[in-house]
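Some notes on the structure that comes next.
There are 2 protein chains.
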Amino acid sequence: MDANPATGECPGAVYLGDGRCRFLVWAPLAGQVNVRIVSPRERILNLKRQKRGYHRGVFEDIEPGSLYFYLLDKEKERPDPASRHQPEGVHGPSRVVDTGAYAWTDQCWPGPSRRDLALYELHVGTFTPEGTFDAVTAQLDELKALGINTLEIMPVAQFPGSRNWGYDGVYPYAVQHSYGGPEGLQRLVNACHGKGLAVILDVVYNHLGPEGNYLADFGPYFTNRYTGPWGAAVNFDGPGSDEVRRFFIQNALYWLTGFHLDGFRVDAVHAIKDFSARPFLEELNSAVHRRGERLGKRVYMLAESDLNDPRVILPPVMGGYGFDAQWTDDFHHALHTLLTGERDGYYHDFGGLRHLARAFGRGYVYTGQYSEYRQRRHGRSPRICPARQFVVFAQNHDQVGNRACGERLAALTSFDGLKLAACTVILSPFVPLIFMGEEYGETAPFQYFTSHPDPRLAAAVSKGRRQEFAAFGWEGAVPDPQDENTFLRSRLNYGLRSRHPNRVLYALYRQLLQLRRELPALADPDRENMEVLGLEPENVLFIRRWSGA
Amino acid sequence: MDANPATGECPGAVYLGDGRCRFLVWAPLAGQVNVRIVSPRERILNLKRQKRGYHRGVFEDIEPGSLYFYLLDKEKERPDPASRHQPEGVHGPSRVVDTGAYAWTDQCWPGPSRRDLALYELHVGTFTPEGTFDAVTAQLDELKALGINTLEIMPVAQFPGSRNWGYDGVYPYAVQHSYGGPEGLQRLVNACHGKGLAVILDVVYNHLGPEGNYLADFGPYFTNRYTGPWGAAVNFDGPGSDEVRRFFIQNALYWLTGFHLDGFRVDAVHAIKDFSARPFLEELNSAVHRRGERLGKRVYMLAESDLNDPRVILPPVMGGYGFDAQWTDDFHHALHTLLTGERDGYYHDFGGLRHLARAFGRGYVYTGQYSEYRQRRHGRSPRICPARQFVVFAQNHDQVGNRACGERLAALTSFDGLKLAACTVILSPFVPLIFMGEEYGETAPFQYFTSHPDPRLAAAVSKGRRQEFAAFGWEGAVPDPQDENTFLRSRLNYGLRSRHPNRVLYALYRQLLQLRRELPALADPDRENMEVLGLEPENVLFIRRWSGA
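So the protein sequences, as listed, match chains C and Y. Heads up, the first sequence is in our numbering, so the first residue is 96 and it goes up one at a time. Heads up, the second sequence is in our numbering, so the first residue is 96 and it goes up one at a time.
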């Protein structure tokens with residue numbers, strides 16, 4: 096990316112073997128950066144200032160497991176922005192990790208097939224009672240039997256405390272210590288590949304969490320030229336933005352190379368404010384796909400986008416960012432409103448059978464029409480984008496968890512409604528995504544939970560959540576995000592799978608996913624081979640799909 | 096654009112003939128809007144609230160020349176945001192204008208030829224001692240003889256006071272009263288067309304001036320989601336943005352239809368913050384070109400862009416905004432630094448002969464390289480964009496006037512330097528732009544001048560200008576923008592043309608423009624028929640152009 100030798104290297108502490116370790120940090124605001132080793136024995140190391148605000152040094156006698164801080168201008172002691180592991184949480188020291196030490200056994204894994212993906216979204220903390228990567232591993236046979244082929248793991252970057260959805264992460268390179276740290280994630284990915292399951296990771300590049308976020312002490316990672324829903328926007332197009340981009344692009348490459356991940360779900364790309372001629376997202380996709388080629392495997396780039404803008408998934412030659420696919424909220428909203436009759440908030444723009452028919456025909460519902468909710472026209476036709484560029488779902492962590500009480504669809508519609516939802520999603524030509532537990536009608540809610548150690552922030556989060564829903568006219572109680580019970584309530588009751596009527600639903604999901612794989616008409620992603628008709632008065636959606644001529 | 100009948104209409108007071116007048120204003124923040132006619136006789140009229148916050152009414156007995164205010168919820172009395180004329184300035188009443196009354200004689204005018212443009216940038220207030228449209232008209236034969244074929248008129252939208260560059264305009268539909276008002280502009284355009292000169296108008300859609308800007312009382316014209324260099328950004332993608340867009344798009348159509356303008360130079364498109372799937376700028380270009388087709392004439396859309404992003408000039412099918420051309424600052428900076436040796440501020444990124452050679456070869460100099468000034472990589476290659484999509488210049492109002500003392504190039508380089516500049520610009524395959532007075536080496540500066548009636552703002556502007564240059568380390572005096580002498584100093588001394596050595600330069604400009612028209616090798620805009628070689632040590636730029644095989 097640049098002639099500067101330092102910048103082709105990955106930031107953070109990279110263990111080079113034989114007790115040698117390279118430290119590289121972008122800290123243009125610091126005249127001098129030292130590494131303070133705090134364990135196993137105290138040492139202070141001097142980094143050398145490089146071009147463009149990098150500080151670098153290679154040292155002997157540093158073994159994996161060593162704990163350290165950076166010392167900025169001998170004043171501020173801070174964890175490493177590119178820390179690989181924060182064993183004592185977001186405020187504690189960073190740990191040197193030998194990412195290359197793991198003995199992988201997935202050499203023949205080719206990466207996910209873009210044509211036949213079936214995604215399963217999973218939150219490590221609540222998927223099992225243990226809340227760890229290893230506990231997920233124990234369930235892989237079951238997931239494989241369900242018929243999905245790709246796990247989409249909610250963010251695992253180190254967040255404050257031990258309970259969080261993951262979107263408050265502040266160390267993009269560190270794997271949450273309470274999930275099992277970096278070695279735990281490596282074991283999980285290796286096990287998945289052994290079973291023929293791909294793993295894509297949810298990464299958050301549009302903001303960092305509010306606690307333990309020390310990046311602004313190092314350099315202009317943030318900008319006040321744009322305001323985002325989560326505070327200061329990440330600086331993707333201002334002075335210093337090349338290095339900010341590198342920090343995140345190297346992050347994706349780190350996951351690919353060191354953890355054998357198969358791709359990413361990039362969170363909220365609409366919150367990435369970037370007016371540059373070469374957008375960050377395009378650069379990210381290009382770098383990730385290039386690395387995939389070098390590694391000899393397919394990688395999959397999935398965007399969460401609220402823009403209804405085909406630019407997200409178009410190729411760069413057509414002015415696009417080059418994502419392989421995007422989450423399609425419109426499809427969800429069209430389906431959800433029909434099943435529940437809800438019309439509040441953004442559901443106001445949906446509710447007719449024509450909306451679902453349109454989602455089937457085009458991917459988006461809003462392709463330039465006026466949206467009452469947004470009070471402006473919204474979207475643009477993605478006509479030329481194939482069906483496999485749209486990921487659809489009847490539920491996901493946001494659509495469930497952003498409700499005041501986190502009710503799943505099972506609490507909002509009939510059992511028949513759940514079956515209908517499954518058919519609509521899985522028998523569509525789009526890529527289906529199942530939110531963990533959906534497949535057997537899980538009854539536990541998925542509520543918003545946090546565990547901020549900072550008491551002031553903890554109080555603010557609890558209060559903010561109450562006020563947010565009060566503003567929407569919500570009159571019931573709102574679970575306190577900081578209360579451990581909110582987290583515990585959100586855990587799956589995996590045993591439900593074998594009870595009645597849950598096992599009927601579970602069998603249906605298995606059957607549908609099997610049909611999708613095996614019936615040529617259902618496996619065919621070509622929307623040309625599909626007829627869609629929404630009969631609004633009769634409330635009937637007629638879909639005909641075929642394969643071949 | 097919409098099924099709402101009101102919104103196909105132009106906002107403002109539209110005189111329908113026979114004493115009938117239609118008022119239409121977008122004021123979603125007002126429950127009720129009245130028109131208060133203040134002259135020739137007091138009346139209060141009730142507008143009817145329409146969908147999406149429009150208020151509308153058609154009334155009898157209202158003759159052109161009537162003066163009025165809008166009354167918002169019977170509380171606030173405000174001029175019309177779409178006022179056609181503010182005869183008493185930005186705080187006074189708006190005037191009903193019969194735009195259709197002018198007797199045009201340009202029926203056979205086909206519009207400008209995109210292939211052979213030569214632009215002349217002109218500020219009405221300082222071009223002549225009178226500072227009016229009619230006084231410009233008296234000089235048209237001279238301009239025609241020079242060899243340019245298109246006037247680019249600096250903004251004429253009503254601004255505070257009588258002296259301003261035009262970028263503090265606050266009534267996009269009103270023609271500055273001190274220039275001669277709407278009828279004056281119509282006379283000038285008609286006269287230009289009669290002489291075979293096209294007229295493009297500089298329009299400012301990225302911000303409004305600080306004084307007399309009452310739009311926020313009417314509706315969400317502005318947003319605080321983005322911060323711009325000139326305060327609150329215009330709301331092009333938030334709630335209500337459809338109507339904000341319409342306000343500006345109808346403005347362009349108003350100029351086209353009512354004033355026979357031949358196109359626009361759209362100011363600072365990089366300050367238009369818009370993340371929508373269908374960007375405002377694309378919509379604007381599409382609407383303007385469509386109207387041009389309906390009017391049976393060519394129209395020309397020119398962007399000022401700081402982005403070095405070919406998206407600005409690419410067609411929509413390639414993800415572009417569809418401008419016909421853009422101003423190319425890089426070319427200017429490359430040329431200016433060679434001629435003057437200056438390296439301050441953004442000139443830091445230029446100064447080598449290779450920069451000018453690169454500008455010749457590509458249009459931009461920065462196509463993705465690291466910019467020391469911007470502290471990030473900048474730009475992207477516009478490889479496939481033809482040369483005629485780039486407007487180049489050795490001077491313009493910004494490059495001259497944004498200097499502390501507004502020195503023209505004539506004060507910064509030798510006479511031979513001026514000749515070299517003329518050759519470089521005019522003999523290039525790009526579209527040349529000449530800044531008024533440049534053609535004879537005008538010695539008057541072009542300084543930053545304002546005439547804010549609001550004393551607090553006046554003081555702030557004077558102080559701000561001093562501080563701005565103090566921050567850059569400028570130690571000399573900075574002319575006071577509010578001082579009338581600053582304006583008077585900036586007037587052209589047109590008589591210089593006939594003196595020595597100015598007339599030598601003037602003759603050269605005429606000759607070069609004639610060669611450009613007549614020599615096939617120079618008229619050929621194909622960059623394939625050009626060789627460029629920058630010999631840095633020898634300080635020689637070698638350019639070979641040819642035509643045919």
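Even for Gly, the Cβ is constructed at its ideal location relative to N, Cα and C. Since we're looking at a predicted model, the values are computed, not measured.
Which residues in the same chain as residue i place their Cβ atom closer than 8 Å to its Cβ, once the five residues preceding and following it in sequence are excluded?
i	result
Y/E631	G447, L448, R449
C/F637	E626, V627, L628, G629, L630
Y/N497	Y543
Y/P481	P620, D621, R622
In terms of residue numbering, what span does the beta strand (DSSP E) encompassing residue i cover?
i	result
C/R173	171 to 173
Y/S134	128 to 134
Y/F164	162 to 167
Y/V635	635 to 640
C/S466	462 to 466
Y/A420	420 to 422
C/H473	471 to 474
Identify the continuous alpha helix (DSSP H) that holds residue i and give its terminal residues.
i	result
Y/W350	336 to 354
Y/V329	No alpha helix (DSSP H) contains Y/V329, which is instead part of the beta strand (DSSP E) from 326 to 329.
C/G112	Not the alpha helix (DSSP H): C/G112 falls in the beta strand (DSSP E), residues 107 to 112.
C/H547	It is not in any alpha helix (DSSP H) - C/H547 carries neither H nor E in the DSSP assignment.
C/Q271	Premise fails: C/Q271 is in no alpha helix (DSSP H) and is neither H nor E.
C/H365	Looking at the DSSP string, C/H365 is not in any alpha helix (DSSP H), and its letter there is neither H nor E.
C/A240	235 to 241
Let me check you understand the geometry: is the CB of residue i closer than 7 Å to at least one non-hydrogen atom of the ligand COA?
i	result
Y/E570	Questions concerning the ligand COA fall outside what the structure shown contains, since it holds no ligand whatsoever.
May I have the straight-line CA-CA distance separating residue i from residue j, to the nearest angstrom?
i	j	result
C/R416	C/D404	The sequence as given places Tyr at residue 416 of chain C; Arg does not occur at that position. If I take the Cα positions, the gap works out to 10 Å.
C/A372	C/E534	43 Å
Y/R320	Y/A328	8 Å
Y/P334	C/Q470	5 Å
C/A269	Y/R472	28 Å
Y/S557	Y/D575	6 Å
Y/P106	Y/Y349	10 Å
Y/R282	Y/G276	10 Å
Y/G414	C/R406	8 Å
C/T245	C/D297	13 Å
C/R68	C/W422	Past the boundaries of the shown model lies residue 68 of chain C; chain C is included only from 96 to 644, so the question cannot be answered.
Y/E306	Y/R179	18 Å
Y/P527	Y/F313	41 Å
C/N580	C/V573	13 Å
Y/I132	Y/F164	7 Å
Check the DSSP bridge columns for residue i and list the partner residues they point to.
i	result
C/H150	C/V120, C/R144
C/F445	DSSP lists no partner for C/F445.
Y/P527	Y/V487
C/Q253	C/Y266
C/E247	C/E216, C/I295
Y/F359	Y/L296, Y/M396
Y/E626	Y/R639
For residue i, which residues from the same chain have a beta carbon less than 6 Å from its beta carbon, with the 5 sequence-adjacent residues on both sides left out?
i	result
Y/R639	E626
Y/R551	none
Y/P267	A252, N346
C/G532	L587
Using C-beta distances below 7 Å, list every residue in its chain close to residue i, excluding the 5 sequence neighbours before and after it, in chain order.
i	result
C/L280	F228, V251, V270, F354
Y/G512	L434
Checklist entry - What residues in the segment 333 to 344 of chain C bring their beta carbon closer than 8 Å to a beta carbon of chain Y? => result Answer set for the segment 333 to 344 of chain C: G333, P334, G335, S336, D337.
Checklist entry - In the segment 356 to 388 of chain C, which residues sit with their C-beta less than 8 Å from some C-beta in chain Y, listed in chain order? => result H365, K368, F370, S371, A372, R373
Checklist entry - Which residues, taken in chain order from the segment 454 to 484 of chain Y, show a beta carbon closer than 8 Å to some beta carbon of chain C? => result Only those residues of the segment 454 to 484 of chain Y whose C-beta falls short of 8 Å from the nearest C-beta of chain C are listed: G463, Y465, R469, Q470, R471, R472, H473, G474, R475.
Checklist entry - Between the segment 393 to 406 of chain C and chain Y, which residues of the former have a C-beta closer than 8 Å to a C-beta of the latter? => result L402, N403, D404, P405, R406
Item to check | Residues in the segment 412 to 423 of chain Y having any Cβ partner in chain C nearer than 9 Å | outcome: Within the segment 412 to 423 of chain Y, the residues whose Cβ lies closer than 9 Å to some Cβ of chain C are V412, M413, G414, G415, listed in chain order.
Checklist entry - When you check each C-beta in the segment 300 to 326 of chain Y against every C-beta of chain C, which residues fall closer than 8 Å? => result Within the segment 300 to 326 of chain Y, the residues whose Cβ lies closer than 8 Å to some Cβ of chain C are N319, R320, Y321, T322, listed in chain order.
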